[in-house]
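Chemist: Pasting in a structure now, in C-alpha cells, and then I'll have a few things to ask.
There are 2 protein chains.
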Amino acid sequence: MAEDEEREGEGRRDEAVVNAELIASVREALEAGDRAALLAQLAPLHAADIADLLEHLDDEDRIALIRLWGDDLDPDVLTELSEGVRNEIVPELTESQLARLARELETDDVVYLVEDLDEPEQEKVLEALDDADRVAVEKSLTYPEYSAGRLMQRELVTAPEHWTVGDVIDYMRASDELPETFYDVIIVDPRMRPVGMVPLSRIMAHRRDTPLAQLMTRDFHSFRPDQPQEDVAYAFNHYHLITAPVVDENGRLVGVITIDDAMAVLDEEAEEDILRLAGVGDEEISDSVWETVRLRFVWLSVNLATAILASMVISIFEDSLQAVVALAVLMPIVASMGGNAGTQTLTVAVRALATRDLTAANMWRVVGREILVGLFNGLAFALIMGLIGGVWFSSLELALVLGAAMVINLVAAALAGILIPIALQKAGADPAIASGTFVTTVTDVVGFFAFLGLATLVLL
Amino acid sequence: MAEDEEREGEGRRDEAVVNAELIASVREALEAGDRAALLAQLAPLHAADIADLLEHLDDEDRIALIRLWGDDLDPDVLTELSEGVRNEIVPELTESQLARLARELETDDVVYLVEDLDEPEQEKVLEALDDADRVAVEKSLTYPEYSAGRLMQRELVTAPEHWTVGDVIDYMRASDELPETFYDVIIVDPRMRPVGMVPLSRIMAHRRDTPLAQLMTRDFHSFRPDQPQEDVAYAFNHYHLITAPVVDENGRLVGVITIDDAMAVLDEEAEEDILRLAGVGDEEISDSVWETVRLRFVWLSVNLATAILASMVISIFEDSLQAVVALAVLMPIVASMGGNAGTQTLTVAVRALATRDLTAANMWRVVGREILVGLFNGLAFALIMGLIGGVWFSSLELALVLGAAMVINLVAAALAGILIPIALQKAGADPAIASGTFVTTVTDVVGFFAFLGLATLVLL
C-alpha cells in the first residue's frame, strides 16, 4: 500500500527542508534577536539548506541572520549561495567571521567566494588569509573566469612511479595535509609531470608490495588551466572522469579537478543555455524586482525592434489588408507556426552543439534533415490550415495562399533554426544567446511577407 | 604566444575526436569489408567516442560496423549510445557478441541496455546472462523506469561497525569480487542496514588499528529504490554526495548510487527541460526524418489550435480592422512582446522549480515579484511603443491604446508565466511540458483582445 503510493508519482518530491514553518520560526528568532533560538534552528541543517534558507529571506533578514549567527557562521554556507546573494553577504562579514572562513575553506572555495567582488571587498577577504593561501588565491584569480584554473583545487596527492602500495599508504598515514576527500593518487615523474593515475579502490585491493606502476592507468584526461570550464564539464560527463589533473604549458601538475566540481559546472552550463534560449540572462529567482526588470528589459527591447520590423513588412500590404480583412485574421497563424517550428529546430541544435552531437562532420546531413522535416510538416499543416482557412472564409484562393505560405515559412524556420546557431558558434559566440530573436525575426518577416505577398498576387 | 591563442576563446573547443576524416576512413573500411582496417581505426578510441562515431553514421553503416566489428565489439560502447541508436543496435547483436556483453558489463549497465527493448529482444539478451545476473537484472526491471532502483548498482563494499582499518584492507585484498571502482565503504549493522559511510581516502589516511566506527560519517543521505531519478540527481548536486546507499522498506541495503550515475541523470533531466520547453519531445539529433516529423507534428498541432483561437479573437474585430488598418499592422507587436515576456517568466519559473529554488514557502513572494516586473516593463514599453506608434500613425488615441494594451499584456504574461508552471507542478505534471503553449495562448488572446478591444472602444 505504502509502496504503491510512493511509486505513483513521477512528480513526488522529498519533503522540502526549507519550508514556510522553518522560515517563520527563523524570522521570529531574528526579530527577537534570540541567538540561542537561531542556533537551534540552524544546527540540524546541511550548509546547502541554510543557503536555501538565506535565499528565501529578504535582504534585511539575510543580513540580520548573518549578524546574529556571528562566529558560529559556517563558511560552507557561503559557497552554496547563489551569486547575487553571495555577493551581497560576503562584504558584510565581520573580521572574526572572515578569519574563520580563511581557516576553514580550501583555496578553491575562497576563489569562488571572492571572484565577483569589487577590488576593495576582495582585498578585505584576502587579508584574512595566511600568506601561502593568499598567494594561491591570487594565482587562481589570474586565470580567466569560468576556466579550469579557477575550478581546480591545489590540494592533491601525488606519488612517484617507483612507489609501492605500501609506500603510498605509509605516506598518507604520515601526512597531515591531505585534501579533505580525494579519489585517485596521481603518479608524477621527477619533474612533476603526471604520467598516470591510480584509483584509491585499486590501491586498497592490492598487497603492500604491489608497485603503483602496475596499477596505474596511463590513459587519462588532463586539462590546461585556461581551458573553459564547459570543456571540463563536457569531458567529465562524456568520458566518465572522476579526477583529472590540470597541467601548465610544460606539462607540470598545477592542480586537480574532481567530478563534484564538474557536476556543478554541468548544471550551471545547462541552466545558462535554458535561460539564454528564453532571453533571460544570469537571472536568479532571488534577484530584486529592479534587477530583474533591468535584465529582461534589454532582451525585450531587442524583441521590440524585431517586432517592429515585422510590422513594417505588414504595412507594405496595407491596401491588401483593407481589401481582404481575412488576411489580418489569418496572418498571425502563419507567423506563429513558423516561430514554433523554428524554436523547435533551434533548441535541438543548441543542445546538440552543447553535447557535441552536432559537429562539422554531420552538419550538412543535419541541415538536410531539418529542411526535410520543415518541408514535410509544412506540407501537412498547409493541407490542414488550407482546409480550415478555405472553409472559414469560403475561398479556394485564400486556402491555396495560406497553404503555400505555411510551407515556405516552415522551411524558412528550419533553415533559420539550424543555420543561425551554427553560424553563431562558428563566430565564437554562444549559440544559445540571441538565436531565439534571430529565428523568430526570420519566421515573422518571411511568414508575413509570404502570406501577404502571395495574397496580393493571387487575390487582388 | 601559444598561451595567448589558447586563452583567447571562450568558445575554444578540443579538437573533435569524431571528425569527417575519421568517418570517411571508417566508411571506406566498411565498404571494403576490411576488418583489420576497421579495428585499427577503433583501437585508439574511447568507448564514448566510438558511440559518437556510430551516431554520426547512417543506419546501414551502423549495422555494418557492428557486424564487421564482430567479437571485438566493446560492450561499453553500447551503454554510451543515445537511446534511439542503442535500441536499433542491441537486437542486431550476434550470440557471441551478447555472450561477451553478459560477461563484461555490470548488471546496472545490462538493465540500461535492455529496459527499452521489446519483450522478445529483451529475452534474447537476458538468456546470455548467468542465473545470478539474470535474477538481478529482472529484479531491477521491476522498479519503475527512471527510478533509483534502476540507477543503482548492486556491486558494493560493506563492513561491520566493529571492524578496523586493517580488517577492511585485508578484506579488500582477499576479495576477488570488488566493484570496478568505488569511493566509500558502507558500514552496516548485522541486519544489513547502513549505519554510516567511510570514504576510502579517510581509511587510507589512518593506522590499521583505527576502528572504522571512529572514521565513519553517520550523517548520510539514502534513497528508496522507487524514488524518481531526478530526486537522486538533485540530492547529489545539492548535498555534494559521492556515494549514497539505496535501502528497501525495512532499511536494508539493496544497492548503491555513485556520483557518476547521478551526473548523467542531471544532464538528462536538464536536457529534458530544455527540449520540453521548446515543444520537442525526447528527440535526438540521430533520429530519422520521419520520426522527427512525427514528434514535432504533435506539438505544432497544439500550437495551431491555439493560433486559431487567437485568430478567432481577431475576427471578432474585423470591422475595426477594416476601418483602421494600422491596427492590423501593430497588433502583432503587442502579442509578440507578451509572448516573449511570458516565456522569460516561464523559463525562470521552470528552472527554479527544477532546482527547488521556487517552493511553496516563497511562491507568493515570487508571484508578486513577477507581477511587479511585468508591470514595470509593461509601463516602459507602453511609453516607448506608444511614442513610436503615435508618431508612425500620427494618432494620440492609437498611442494610448497601444500603451494600455502593452501594460495589460505584460502583466498577463507575468501571471501566466509564473502560475501555469506552478499549477502544472501541483497537478503532478512536469512544469516544462506544455507550459509554453499555455503561456503564449494567454498572451496572444489577451494581447489581441486588449489591443483591438480598446481600439474599438476609443477609436471608433
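Protein sequences appear in the order of chains D and V. Every letter in the first sequence is one number past the one before it in the numbering used here, and letter 235, counting from 1, is 229. Every letter in the second sequence is one number past the one before it in the numbering used here, and letter 147, counting from 1, is 141. No residue lacks a Cβ here, since even glycine has one placed at the ideal position from N, Cα and C.
1. Just to check my reading of the structure: residue 360(V) and residue 412(V) have Cβ atoms closer than 8 Å, yes? What is that Cβ distance to the nearest angstrom?
2. Quick check: the Cα distance between residue 453(D) and residue 437(D), rounded to an integer number of angstroms?
3. Classify residue 415(D) as helix, strand or coil using the three-state DSSP reduction.
4. Return helix, strand or coil for residue 404(D), following the three-state DSSP convention.
5. Which of the three DSSP states is assigned to residue 178(D) in this structure?
6. Between residue 109(V) and chain D, is any beta-carbon pair separated by less than 7 Å?
7. Please compile the residues from chain V whose C-beta is within a distance smaller than 7 Å of the C-beta of residue 309(D).
8. Could you pull out every residue in the same chain whose Cβ sits closer than 7 Å to the Cβ of residue 356(D), ignoring the five residues on either side in sequence?
9. Just to confirm, are residue 227(D) and residue 264(D) a CB contact at a threshold of 7 Å?
10. Would the beta-carbon of residue 333(D) fall within 7 Å of that of residue 430(D)?
11. Tell me the DSSP secondary structure of residue 311(D) in three-state form.
12. Quickly, what does DSSP pair residue 217(D) with across the bridge? List them, please.
13. Please state whether DSSP places residue 352(V) in a helix, a strand or coil.
14. Is it true that the CB of residue 289(V) sits closer than 7 Å to the CB of residue 278(V)?
15. At a Cβ cut of 8 Å, what residues of the region 220 to 252 of chain D count as close to chain V, listed as they run along the chain?
16. Output yes if chain D places a C-beta closer than 7 Å to the C-beta of residue 209(V); else output no.
17. Determine, for residue 400(D), whether the minimum Cβ-Cβ distance to residues of chain V falls below 7 Å.
18. Are the region 117 to 124 of chain V and the region 90 to 99 of chain V in contact at 8 Å, needing three or more beta carbon pairs?
19. What residue range does the beta strand (DSSP E) around residue 251(V) cover?
20. In the DSSP assignment, what residue or residues form a beta bridge with residue 193(V)?
21. Is residue 7(V) helix, strand or coil by DSSP?
22. Does the pairing of the region 241 to 258 of chain D with the region 301 to 321 of chain V give three or more beta-carbon distances under 8 Å?
23. Using a cut-off of 8 Å between C-beta atoms, extract the partners of residue 273(V) located in chain D.
24. Strictly under 7 Å for the Cβ-Cβ distance: is residue 55(D) near chain V by that measure?
25. Any contact of the region 42 to 51 of chain V with the region 75 to 83 of chain V, i.e. 3+ C-beta pairs under 8 Å?
26. Report the neighbours of residue 388(D) on chain V: residues whose CB is nearer than 8 Å to its CB, in chain order.
27. So residue 305(D) packs on residue 326(V), CB below 8 Å; how close in whole Å?
28. Using a Cβ cut-off of 8 Å, pull out every chain V residue sitting near residue 12(D), in sequence order please.
29. Quick one: measure Cβ to Cβ for residue 178(V) and residue 198(V), integer angstroms, because I've assumed they're closer than 8 Å.
30. With distance defined between alpha-carbon atoms, name the residue in 174(V), 217(V), 61(V) nearest to residue 188(V).
31. Indicate the three-state DSSP secondary structure (helix, strand or coil) for residue 88(V) in the structure shown.
32. Hey, is the region 28 to 43 of chain D in contact with the region 365 to 384 of chain V, meaning 3+ C-beta pairs nearer than 8 Å?
33. Give the DSSP bridge partners of residue 141(D), in chain order.
34. Answer with buried or exposed for residue 66(V), where buried requires no fewer than 16 other C-beta atoms within 10 angstroms of its C-beta.
35. With a threshold of 8 Å, are at least 3 pairs of Cβ atoms found where one atom belongs to the region 338 to 356 of chain D and the other to the region 341 to 352 of chain V?
36. Would you kindly check if the distance between the Cβ of residue 130(D) and the Cβ of residue 101(D) is under 7 Å?
Modeler: In short:
1. Along the second sequence, one-based indexing puts residue 360(V) at 366. Along the second sequence, one-based indexing puts residue 412(V) at 418. Confirmed, Cβ separation roughly 7 Å.
2. Position 459 of the first sequence, counted from the first residue, corresponds to residue 453(D). Position 443 of the first sequence, counted from the first residue, corresponds to residue 437(D). Spanning the two alpha carbons is a distance of roughly 23 Å.
3. The count along the first sequence starts at 1 and reaches residue 415(D) at position 421. In this structure, residue 415(D) counts as helix in the three-state DSSP scheme.
4. Locating residue 404(D) in the first sequence gives position 410, where the first residue counts as 1. Residue 404(D) falls in the helix class under three-state DSSP.
5. Numbered from 1 along the first sequence, position 184 holds the residue referred to as residue 178(D). Residue 178(D): strand per DSSP, three-state reduction.
6. Here residue 109(V) refers to the residue found at position 115 when the second sequence is read from its first residue. Cβ-Cβ to chain D under 7 Å: no for residue 109(V).
7. Position 315 of the first sequence holds residue 309(D). Result: 323.
8. Along the first sequence, read from residue 1 onward, the residue named residue 356(D) stands at position 362. Nothing meets the Cβ criterion.
9. Position 233 of the first sequence, counted from the start, is the residue given in the question as residue 227(D). Position 270 of the first sequence, counted from the start, is the residue given in the question as residue 264(D). The answer is no: Cβ separation not under 7 Å.
10. Here residue 333(D) refers to the residue found at position 339 of the first sequence. Here residue 430(D) refers to the residue found at position 436 of the first sequence. In this structure, residue 430(D) does not lie closer than 7 Å to residue 333(D) by Cβ.
11. The residue you call residue 311(D) lines up with position 317 of the first sequence. Three-state DSSP puts residue 311(D) in coil, outside helix and strand.
12. Residue mapping note: residue 217(D) aligns to position 223 of the first sequence, counting from 1. Bridge partners of residue 217(D): 240(D).
13. By 1-based counting over the second sequence, the position of residue 352(V) is 358. Coil.
14. Stepping through the second sequence from its first residue, residue 278(V) is reached at position 284. Stepping through the second sequence from its first residue, residue 289(V) is reached at position 295. No.
15. 220, 221, 222, 225, 229, 230, 231, 232, 233, 234, 236, 243
16. One-based indexing of the second sequence puts residue 209(V) at position 215. Judged by the 7 Å Cβ criterion, residue 209(V) is not in contact with chain D.
17. Counting from one through the first sequence, the residue named residue 400(D) turns up at place 406. With 7 Å as the cut-off, residue 400(D) does not count as an interface residue toward chain V.
18. yes
19. The residue you call residue 251(V) lines up with position 257 of the second sequence. Segment 247 to 252, the beta strand (DSSP E) holding residue 251(V).
20. As a first step, residue 193(V) must be located in the second sequence, where it is residue number 199. According to DSSP, residue 193(V) bridges with 178(V).
21. Counted from its first residue, the second sequence places residue 7(V) at position 13. Because the pLDDT of residue 7(V) is 40, which lies under 50, any placement of that residue in the model is unreliable, and the number read from its coordinates should be weighed accordingly. Note: residue 7(V) maps to coil in three-state DSSP.
22. no
23. On the second sequence, position 279 is the one that residue 273(V) refers to. Residues of chain D passing the Cβ test: 334, 337, 338.
24. Taking the first sequence and counting its residues from 1, one reaches residue 55(D) at position 61. Output row for residue 55(D): interface = no.
25. yes
26. Walking along the first sequence from the start, residue 388(D) turns up at place 394. Under the 8 Å cutoff, chain V gives no residues; its nearest Cβ is about 14 Å from residue 388(D).
27. Within the first sequence, numbered from 1, the residue matching residue 305(D) stands at position 311. Within the second sequence, numbered from 1, the residue matching residue 326(V) stands at position 332. Indeed, because the Cβ distance is near 6 Å, the residues count as touching under 8 Å.
28. Within the first sequence, numbered from 1, the residue matching residue 12(D) stands at position 18. 353, 355, listed in chain order.
29. Stepping through the second sequence from its first residue, residue 178(V) is reached at position 184. Stepping through the second sequence from its first residue, residue 198(V) is reached at position 204. Not confirmed; about 12 Å, so no contact.
30. The residue you call residue 188(V) lines up with position 194 of the second sequence. Minimum Cα distance to residue 188(V) is reached at 217(V).
31. On the second sequence, position 94 is the one that residue 88(V) refers to. Coil at residue 88(V), not helix or strand.
32. no
33. The sequence position of residue 141(D) within the first sequence is 147, counting from 1. Answer is 222(D).
34. By 1-based counting over the second sequence, the position of residue 66(V) is 72. Answer is exposed; the Cβ neighbour count stays below 16.
35. no
36. Along the first sequence, read from residue 1 onward, the residue named residue 101(D) stands at position 107. Along the first sequence, read from residue 1 onward, the residue named residue 130(D) stands at position 136. Yes. Within cutoff.
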